[in-house]
Each structure stands twice: as C-alpha cells, then as structure tokens.
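Peer 1: Sharing a structure, written as structure tokens. Questions coming.
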Amino acid sequence: MTIVVGVRFRQAGKTYYFEPGSDRLEQGKQVIVETARGQEIGTVVIPEKDVPDNQLVLPLKKVVRAAAEDDCCKDEENRQKETVAYAKCRQKIVEHGLDMKLVSVEYTFDRNKIIFYFTSEERVDFRELVKDLASIFKTRIELRQIGVRDEAKYKGGIGPCGRAFCCATFLEEFEPVSIRMAKGQNLSLNPTKISGVCGRLMCCLRFEASAYENARDEMPKTGETVITPDGEGQVREINHKKRTVLVKLLESGYERLFPMEEVDRA
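Letter by letter, the sequence shown follows residues -9 to 256 of this note's numbering.
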C-alpha cells in the first residue's frame, strides 16, 4: 500500500496520483507538482489515502509544495498569457494557410512549454508554424491534434438536454458509446436526436445502458405470452424505465397496462 493524493489539473480532467510529501494536503488545496511536461499547478480532489501498489504506476512523482499566493498569481498570469498566445497562433495559422482549427492553449506552470491544441480533418504540416511560434514566445512549442469530443470538453457549452456538457463538468475520460445503446433504450435512431454538439453519439447514452440491459433480463419480451391479474395476454410494448408492460388480453382482446410486478411469464 502507498499513501497518495489525487490531483486534477482542470475541471473534469483526469485525476493523477502523487506522493503527498510532508505537507498536510486537504481536498480543494492547490499544489505544485512535477510532471512529464514540467511543473504544473493542480487541485487536490482526493485527500491522502492508501492505494494498493498494483493500482499505481510506480514510481510516483512527489508533490513539490502546497501552492502559495505567489504561485496562484503566477497561474493567473499564465491564463492571461494563454489568451495572447491563442490570438497570435490563430493569426499565424491564417498567414500560413493551414487547414486547422485552434481549440485551446496551455502554458505549463513553469512556462517552459506552450501547448497548442487543434482539430483538423487532415494531416497538417505545421513545422513552419512551430518555428514562428518559437521565435515569438522564446520557449518550447508543442502542437497537439485532438478529436471533436476533446474539443467539446475543452470548450464546454450547453447540450440538447439544456445542461452543461457532461464531458466538461464531470466525465474524466471518454468511454465507448454505440448505436446499440440507443436501440436498447428504445430511442429514435435519428442522428440529430442522439448526437451531441460534437457530432458524436451522446455520452449520456452509456449512463443508463446497464440499467436497461438488467431490465431486459428481468422483463418479458415483446410478443411473449404472460399471465396478468386479468388473465393471459400477449406483450405488445415494454417501458423499461417505468417498468410497465402493455398487454393484449387474449380473452377480451383489450389492451391494458400493468406494472411489471403484476405480470408473470407463462
């Protein structure tokens, strides 16, 4: 077992484990940590706890220190510099006539590197762009191509449901979503109805998929003969969410809606 703290670098970003060091680090505390990209400032989202070694990628990097007021001021300065860098990079993209869309810019905390995130439908030769950016900012430059889902996560926004994007508020990582999940929930397969703003299948289709799968195992299938309080009948329709079954009674020919608890398989 190893004592660790979980640190996140942006809202809904992935949580990384670090050795806590000598400082007492509570949830919500900002810390300076050493990463593969250099020093970064993050927020403790998981306070100190024991984690089995087989769940960790060892050796862990240590928390350098708890963030002081000067560190927070420097982080705010970096956010302002990112705005300037974003505008400069967009200008250079236009000058070079590159078919790419700039999404976001990040300075590492120590300012040893600037990372430019972009989307593009084609492979982009951005070598000359990197040279220009390096000459302007006098530091290491990295251009990283991301997908449309990542773009939505970085940008944020309001989904078709009227709520903030799941990916930008609480989803740390994307999980596979398939059209089969929409079918299993009896949803319209119209792409405009089941796609998010990013144009991909909505992440929320996955949230209830397991509940619908369990319900399908418990509930009768359409066309199956069942026994109800009013006699035998044939299942016409199933509502997994409300756990109700629409049954056409064999004797009277009428259709009636029954709670799942009142229906037995013949």
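Even glycine gets a Cβ: it sits at the ideal position worked out from N, Cα and C.
None of the values given here were measured: they were computed from a predicted structure.
(1) With DSSP run on the structure shown, which of helix, strand or coil describes valine 138?
(2) Would you mind sorting threonine 98 into buried or exposed? The rule is 16 or more other CB atoms within 10 Å of its CB.
(3) List the endpoints of the continuous beta strand (DSSP E) containing proline 249.
(4) Going by beta-carbon coordinates alone, are leucine 236 and glutamate 227 separated by less than 8 Å?
(5) My guess is that phenylalanine 106 and valine 95 are in contact by the Cβ rule of under 8 Å, so how many angstroms apart are they, rounded?
(6) Between glutamate 30 and leucine 15, how many whole angstroms is the CB-CB distance? I'm expecting something under 8 Å.
(7) So, with DSSP's three-state summary, where would you put valine 23?
(8) Would you mind giving the Cβ-Cβ distance between glutamine 224 and lysine 238, rounded to the nearest angstrom? I have them listed as a contact below 8 Å.
(9) In angstroms, rounded to a whole number, what distance separates the CA positions of lysine 103 and glycine 28?
(10) By how many angstroms is the C-alpha of alanine 256 removed from the C-alpha of isoleucine 217?
(11) Of all the alpha helix (DSSP H) runs that stay within the bounds of the stretch 156 to 203, which reach a length of 4 or more residues?
(12) Counting pairs of beta carbons, one from the stretch -1 to 12 and one from the stretch 82 to 93, are three or more of them closer than 8 Å?
Peer 2: Per the coordinate set shown:
(1) Here residue 138 refers to the residue found at position 148 when the sequence shown is read from its first residue. In the structure shown, valine 138 sits in a helix (DSSP, three-state: H, G or I).
(2) Position 108 of the sequence shown, counted from the start, is the residue given in the question as residue 98. Result: buried.
(3) Stepping through the sequence shown from its first residue, residue 249 is reached at position 259. That run of the beta strand (DSSP E) goes 245 to 249.
(4) As a first step, residue 236 must be located in the sequence shown, where it is residue number 246. As a first step, residue 227 must be located in the sequence shown, where it is residue number 237. Yes.
(5) If you number the sequence shown from 1, residue 106 lands on position 116. If you number the sequence shown from 1, residue 95 lands on position 105. With a Cβ gap of about 6 Å, phenylalanine 106 and valine 95 count as contacting.
(6) The residue given as residue 30 occupies position 40 in the sequence shown. The residue given as residue 15 occupies position 25 in the sequence shown. Between leucine 15 and glutamate 30 the Cβ distance is about 15 Å, and since that is not below 8 Å, they are no contact.
(7) The count along the sequence shown starts at 1 and reaches residue 23 at position 33. It is a strand residue.
(8) Position 234 of the sequence shown, counted from the first residue, corresponds to residue 224. Position 248 of the sequence shown, counted from the first residue, corresponds to residue 238. Rounded, the Cβ-Cβ distance is 5 Å, consistent with contact.
(9) To locate residue 103, count along the sequence shown from 1; it is residue 113. To locate residue 28, count along the sequence shown from 1; it is residue 38. Lysine 103 and glycine 28 have their alpha carbons spaced roughly 8 Å apart.
(10) Position 227 of the sequence shown, counting from 1, holds the residue named residue 217. Position 266 of the sequence shown, counting from 1, holds the residue named residue 256. Spanning the two alpha carbons is a distance of roughly 6 Å.
(11) If we require 4 residues or more, the alpha helix (DSSP H) runs fully inside the stretch 156 to 203 come out as 156 to 159, 169 to 174 and 181 to 184.
(12) Cβ pair count under 8 Å is below three, so no.
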